[in-house]
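So the sequences go chain by chain: A and B.
Going by the numbering used here, the first residue of the first sequence is number 1, and it counts up by one from there.
Going by the numbering used here, the first residue of the second sequence is number 146, and it counts up by one from there.
Read the structure below first, then the notes.
There are 2 protein chains.
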Amino acid sequence: MSKPSNTVVTIAENESVEEEKNLKLILDRAKDQSKLCPVRDVIHRISDKWSLLSILALGTHGTLRFNALKKEIGDVSQRMLTVTLRNLEEDGFVSRKIYAEVPPRVEYQLTDMGQGLMQQALQLADWANTQLPAIISSRKKFKKG
Amino acid sequence: MSKPSNTVVTIAENESVEEEKNLKLILDRAKDQSKLCPVRDVIHRISDKWSLLSILALGTHGTLRFNALKKEIGDVSQRMLTVTLRNLEEDGFVSRKIYAEVPPRVEYQLTDMGQGLMQQALQLADWANTQLPAIISSRKKFKKG
DNA sequence: CAGTATCCCTACCGATACTG
DNA sequence: CAGTATCGGTAGGGATACTG
Numbered sequence: 001m002s003k004p005s006n007t008v009v010t011i012a013e014n015e016s017v018e019e020e021k022n023l024k025l026i027l028d029r030a031k032d033q034s035k036l037c038p039v040r041d042v043i044h045r046i047s048d049k050w051s052l053l054s055i056l057a058l059g060t061h062g063t064l065r066f067n068a069l070k071k072e073i074g075d076v077s078q079r080m081l082t083v084t085l086r087n088l089e090e091d092g093f094v095s096r097k098i099y100a101e102v103p104p105r106v107e108y109q110l111t112d113m114g115q116g117l118m119q120q121a122l123q124l125a126d127w128a129n130t131q132l133p134a135i136i137s138s139r140k141k142f143k144k145g
Numbered sequence: 146m147s148k149p150s151n152t153v154v155t156i157a158e159n160e161s162v163e164e165e166k167n168l169k170l171i172l173d174r175a176k177d178q179s180k181l182c183p184v185r186d187v188i189h190r191i192s193d194k195w196s197l198l199s200i201l202a203l204g205t206h207g208t209l210r211f212n213a214l215k216k217e218i219g220d221v222s223q224r225m226l227t228v229t230l231r232n233l234e235e236d237g238f239v240s241r242k243i244y245a246e247v248p249p250r251v252e253y254q255l256t257d258m259g260q261g262l263m264q265q266a267l268q269l270a271d272w273a274n275t276q277l278p279a280i281i282s283s284r285k286k287f288k289k290g
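So this is what it looks like as structure tokens:
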């Protein structure tokens, strides 16, 4: 398990100055909750119960119709899948194509930006996987103490 | 604006097979909502209203006492800051040191894992910043259409 | 098939008051 | 100073019924 050094901001020495400036910018932006903040926005979008799952499902299958996606995810309700997909579509992460047929056919797939989002999520997932044992042990310790 | 290619999973050609395997593992893990899933867990932790802000504040200042952190964040209530910090402490992202003094002094700082989490958040923030214009324009289009 | 509409319930969050 | 305790509001989410 690679351990970051114990300086406050820990990156390669020569990048730390710029990174620290960047950090303050992001912090300031996040602090003003009246203005819109990209990080909070993106996190908020993927943090609801079904968005991440929808993105991963579309990422693995490429294109899915509404009911196929619903079946793939499992226990999502019709209502919540609709809401989730509309939100993802609104922000440009998912595209929705309607075919004028009877019965209707609607196909969903990730946009390029949606695939980028999925990559970000997968990076986070990799990190989270490596940290999992530490998190679990920390929780146990917390309960006892 | 760098555009990912239009294959389903887009990374360097030679990494794509392993990455795709990885993706399915993560998807399967995320689908079973009864078991604990590292990604969902971590996202859930940073997606509440004050966690990310607390992490960034501690990241820029190193160590902060309760009221200093409260002042730094701005409009967080005492209750919510306490709840937030306890959650972060429970998962091992923040350490809490109590000094047996009168009046009491309590110091918070990021653990190594907490700094790692901040780095992950900053990466996501960088990406989110570059995507912001596209997201905004997508929202506008959505409203009109 | 792919959605709306409605109702209800729970989790998160804020304000206020109190305390070791 | 650094917290708890209590209450009440709001947004997310589920079940069910209905529809172009």
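Where a beta carbon is used, it is the ideal one built from N, C-alpha and C, also for glycine.
Cβ proximity to chain B below 9 Å picks out Glu72, Ile73, Gly74, Asp75, Arg86, Glu89, Glu90, Asp91 from the stretch 69-91 of chain A. In this structure, the alpha-carbon of Gln120(A) lies about 11 Å from that of Ile55(A).
DSSP places Thr111(A) outside both helix and strand once states are collapsed to three, so it counts as coil. Around Lys169(B), the beta-carbon contacts reaching into chain A at under 7 Å are Thr60. Chain A places a beta carbon closer than 9 Å to that of Ser283(B), counting this residue as a contact.
For a cut-off of 8 Å, the C-beta gap from Ala273(B) to Val94(A) is around 17 Å, too long to register as a contact.
Burial check for Ile280(B): the Cβ neighbour count within 10 Å reaches 16 or more, so the residue is buried. The C-beta of Asn212(B) comes no closer than 9 Å to any C-beta of chain A. Interface criterion met: the Cβ of Leu117(A) is under 9 Å from a Cβ in chain B. For Pro103(A), not one C-beta of chain B is nearer than 9 Å to its own C-beta. Residue-level contact check: Glu252(B) does not touch chain A, since none of the beta carbons of chain A fall below 9 Å from its beta carbon. In the structure shown, the three-state DSSP call for Leu209(B) is strand. Contact between the stretch 223-242 of chain B and the stretch 86-101 of chain A is absent: fewer than 3 CB-CB pairs across the two stretches fall below 8 Å. Taking 9 Å as the cut-off, the beta carbon of Ala30(A) is found no closer than this to the beta carbon of Ile171(B).
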